[in-house]
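Residue numbers (the numbering used here): 3 to 165.
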């Protein structure tokens, strides 16, 4: 099964810190649609004495049917996110490695102790993911039946006695 794909670029930000233990803090701050040719090197898009922002091109968001529920969870959230996994290179620069809009995939990355930042999902990516979810996600009625909770405290204690 071929995934739906969208080329994107990641914006990484380096903030200088006035701290004796740590001189800088890196974080992903944005993801934008990208049409740059493959192999385009990262480029500085803003720099001053306290902040540097670097655009990293050449990434692809991929949507798979088996992750449709995780995409639905994301686009139905109050603040939908694009998740960026990044690592330090040999020079101490933060470099994005992967991007996803799947809550499940981002959680797996975090469980593996990777550096993961969630950045606000741009409207054009939100529409793209939303259309995919509408076309491919169907809630599992069996899963809904299994999640029933006790309707009263008394019923709860009757069903879930320790012991």
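C-beta: ideal position from N, C-alpha, C; glycine also.
For clarity, every value in this text was computed on a predicted model and none was experimentally measured.
(request) Note the first and the last residue of the continuous beta strand (DSSP E) segment covering residue 119. (result) 117-122
(request) In the DSSP assignment, find the alpha helix (DSSP H) that holds residue 73 and state where it starts and stops. (result) 70-77
(request) List the endpoints of the continuous beta strand (DSSP E) containing residue 45. (result) 45-49
(message) With H, G and I counted as helix, E and B as strand and the rest as coil, what does DSSP make of residue 135?
(response) helix
(message) So for residue 37, helix, strand or coil by DSSP?
(response) coil
(message) As a quick exercise: from 42, 52, 114, 122, pick the residue whose alpha carbon is nearest that of residue 21.
(response) 52
(message) Among 84, 63, 137, 96, whose alpha-carbon lies nearest the alpha-carbon of residue 105?
(response) 84
(message) Let me confirm a value: residue 23 is counted as buried when at least 16 other C-beta atoms fall within 10 Å, else exposed. Which label applies?
(response) exposed
(request) Return the chain-ordered list of same chain residues with a C-beta closer than 8 Å to the C-beta of residue 7, the five sequence neighbours on each side being excluded. (result) 62, 63, 64, 65
(request) Grab the span of the alpha helix (DSSP H) containing residue 110 for me, first residue to last. (result) 105-113
(message) Which residue marks the beginning of the beta strand (DSSP E) containing residue 140, and which one marks its end?
(response) Note, residue 140: premise wrong, no beta strand (DSSP E); not H, not E.
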